[in-house]
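A quick write-up on the structure given underneath.
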Amino acid sequence: MGDNEKPPPRFKELYKQQQQPPANRDVRHRRLVHEAQLRRLQREQVFMDKRLRYRLPQESETESEHDERVEALKNLSTKLEQPSEELRRFVLEGSCMELLTKFFSATDADEKLHSLWCLTNIAANEGRLAEKVLPAAPYLLSLVTSDNLELQNQAAWALGNLAAEGEKTRETLHANGVLKPLVDLLGSTTDEAILQTACFAVSNMTRKPNSYFDELFALKLPQLAAKQLVAFKEHQHCVTELAWVFAYLAASSSEQQIDDILATGAVDTLLQSALETAKTEAPGAPLIPVIRTLGNIAAGTDAQTSSLVGKNGFVGLLVRCIESTSSRAVEKEALWALSCVTASRKADVDVVVDAGVVPDLVRIIEKQNFDIKKEAAFGLLNIAIIGGRATDLPNDRLIAEFVEFIKSQDEELVRMGVQYVAIAFEQLPDSKGPELLKGVAGGIDALENLIAVTDDDETRSLVSHLIDQYYGEDLMAVED
1 MGDNEKPPPR
11 FKELYKQQQQ
21 PPANRDVRHR
31 RLVHEAQLRR
41 LQREQVFMDK
51 RLRYRLPQES
61 ETESEHDERV
71 EALKNLSTKL
81 EQPSEELRRF
91 VLEGSCMELL
101 TKFFSATDAD
111 EKLHSLWCLT
121 NIAANEGRLA
131 EKVLPAAPYL
141 LSLVTSDNLE
151 LQNQAAWALG
161 NLAAEGEKTR
171 ETLHANGVLK
181 PLVDLLGSTT
191 DEAILQTACF
201 AVSNMTRKPN
211 SYFDELFALK
221 LPQLAAKQLV
231 AFKEHQHCVT
241 ELAWVFAYLA
251 ASSSEQQIDD
261 ILATGAVDTL
271 LQSALETAKT
281 EAPGAPLIPV
291 IRTLGNIAAG
301 TDAQTSSLVG
311 KNGFVGLLVR
321 CIESTSSRAV
331 EKEALWALSC
341 VTASRKADVD
351 VVVDAGVVPD
361 LVRIIEKQNF
371 DIKKEAAFGL
381 LNIAIIGGRA
391 TDLPNDRLIA
401 EFVEFIKSQD
411 EELVRMGVQY
421 VAIAFEQLPD
431 SKGPELLKGV
441 AGGIDALENL
451 IAVTDDDETR
461 SLVSHLIDQY
471 YGEDLMAVED
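Residue numbers (UniProt numbering): 1 to 480.
Printed below as a string of structure tokens:
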């Protein structure tokens, strides 16, 4: 395993939802464009060519002309949130980008700001439009280090939108030297809004796949983010954005890098914040990046997993999130983290079982849809396999649910169903496992049918072995 690789996630790939822009900036992100504005398609080219004409430094102007130009930039930035076909052509084929980037050399801060806003909204669109902003990356980076806080914020936001576009775009940004200015901004700012924006941009630069992690750790990103967690611990939006930084870092870091993250104390700060948040009636979105960070660390080595289990409140937090039905996303994150914990050491499994999680896992298996059932099933199987505690499970209730897994069209669910049956047969005393399966309508038939339809040789071999060992004579008698 290479230095930049981490142990594989427990039983499944990490699922990653697309990160959302910082919550308190929604009012500036994707505002609706009035229908009346969209009807003026044929007038937009003339409007932009005339109203956005760049003024050369030696030209004089009246105050009304300056105000008119700023107003035109504001109007354009709004239109660019949901651009019409005519406006798209102006960005892709016209002089839009040339006009906007010329404002960077202007001395007027308002003109710079609103031209930046236009670029930010272009970068928030699909690939073809977003790529048009890439040549402006050096200008954006120069403004990230500006003394003007509004320009800093807007430039970082534009870079964050670009970084979200894809790996090819991130490679171009990296080649332009984007990491250090953004990490420095994240670590040094005392402004709440700028911190959130910097976290948004840095998080998008840490998406897989990339080769930037050694550089990010060399820049002391975990230490800087941990320091800001303490400084902004009373600001929930800041804690959430910083948690996303750690979630993406922990998803792709090496074993040593995970140890470095743990050494910063950030996990303890995030855990305490999550415990406070979980006390609310509907904790929701703020918990997602924290639980994902914890799960990504738990997917590391057994020692790293055990270090989490030993932290006060960690297991209780997972149980609380699984018990709560107010947020499907939080429940799914917590179930995944739990599957990582239960795939570690028997002692860790014992802590989880003693915390009373089994009834909730069984409830989910019986009541929820298959995608959530699958997450709970990982935990139950690990409790039986790693913990050797199949006898502690309500197998008379679970057997029918896992037979439904075997009947499904999902190969992973089928394998999990067969694996549970095999464990029940092997671990339950007095041949209780085979008797339980006999009590499920169509249970044995499901195993027999699977031999004929599965393309998985390992699954076919295991099922054949189970039928021959436990039902061979009975089935022959029935056939006779």
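Where a beta carbon is used, it is the ideal one built from N, C-alpha and C, also for glycine.
Residue i (DSSP reduced to helix, strand or coil)
| i | result |
| --- | --- |
| R389 | coil |
| Q82 | coil |
| Q368 | coil |
| R320 | helix |
| D110 | helix |
| N210 | coil |
| L466 | helix |
| S254 | coil |
| F246 | helix |
| S339 | helix |
| A334 | helix |
| R460 | helix |
| K220 | coil |
| G166 | coil |
| Q409 | coil |
| E63 | helix |
| T172 | helix |
| K233 | coil |
| D430 | coil |
| K311 | coil |
| N148 | coil |
| P286 | coil |
| T293 | helix |
| V440 | coil |
| A123 | helix |
Spatial distance of residue i from residue j (CA atoms)
| i | j | result |
| --- | --- | --- |
| L462 | V267 | 41 Å |
| Q45 | E86 | Confidence is the limiting factor: at Q45 the pLDDT is only 41, short of 50, which leaves the residue's position unreliable and the question unanswerable from this model. |
| A377 | L219 | 40 Å |
| E131 | N121 | 12 Å |
| N395 | L381 | 12 Å |
| E333 | K102 | 46 Å |
| D191 | K168 | 31 Å |
| V341 | D259 | 17 Å |
| P83 | A193 | 27 Å |
| L216 | L179 | 7 Å |
| V91 | M97 | 6 Å |
| G433 | D354 | 24 Å |
| I423 | V403 | 13 Å |
| K311 | V230 | 18 Å |
| E165 | L134 | 11 Å |
| S211 | Q256 | 16 Å |
| S142 | Q152 | 9 Å |
| E5 | R207 | Any reading at E5 is ruled out, since the residue's pLDDT is 40, under 50, leaving its predicted position unreliable. |
| V183 | D457 | 49 Å |
| H235 | G187 | 16 Å |
| I467 | E448 | 8 Å |
| L335 | G442 | 30 Å |
Buried or exposed (CB count within 10 angstroms, at least 16 for buried), residue i
| i | result |
| --- | --- |
| L241 | As written in the sequence, residue 241 is Glu, which differs from the Leu given in the question. It is buried - the Cβ of E241 has at least 16 other Cβ atoms within 10 Å. |
| E375 | buried |
| S344 | buried |
| T459 | buried |
| residue 488 | The chain is shown from 1 up to 480; residue 488 falls before or after that span and cannot be answered. |
| T391 | exposed |
| S339 | buried |
| R397 | exposed |
| H465 | exposed |
| V453 | exposed |
Check whether residue i and residue j have beta carbons under 8 Å apart
| i | j | result |
| --- | --- | --- |
| L159 | A201 | yes |
| F278 | R328 | Checking the displayed sequence, the identity of residue 278 turns out to be Ala instead of Phe. It is not a contact, given that the beta carbons lie outside the stated cut-off. |
| L249 | Q228 | no |
| C118 | L129 | no |
| V358 | V315 | no |
| D360 | I386 | no |
| Q154 | L185 | no |
| N296 | A247 | yes |
| Q304 | L262 | yes |
| residue 491 | M205 | Since the first residue shown for the chain is 1 and the last is 480, residue 491 is missing from the structure and cannot be characterised. |
| L270 | A337 | no |
| I444 | Y420 | no |
| R417 | F405 | For the record, residue 417 in the displayed sequence is Gly; it is not Arg. A contact, by the Cβ cut-off of 8 Å. |
| S306 | V290 | no |
| A124 | N161 | yes |
| residue 481 | L287 | Absent from the model: residue 481. The displayed extent of the chain is 1 to 480, so no value can be given. |
| E412 | E366 | no |
| A156 | T197 | yes |
Residue i at chain B interface by Cβ criterion, 8 Å
| i | result |
| --- | --- |
| I297 | The structure shown has no chain B; it contains just one protein chain. |
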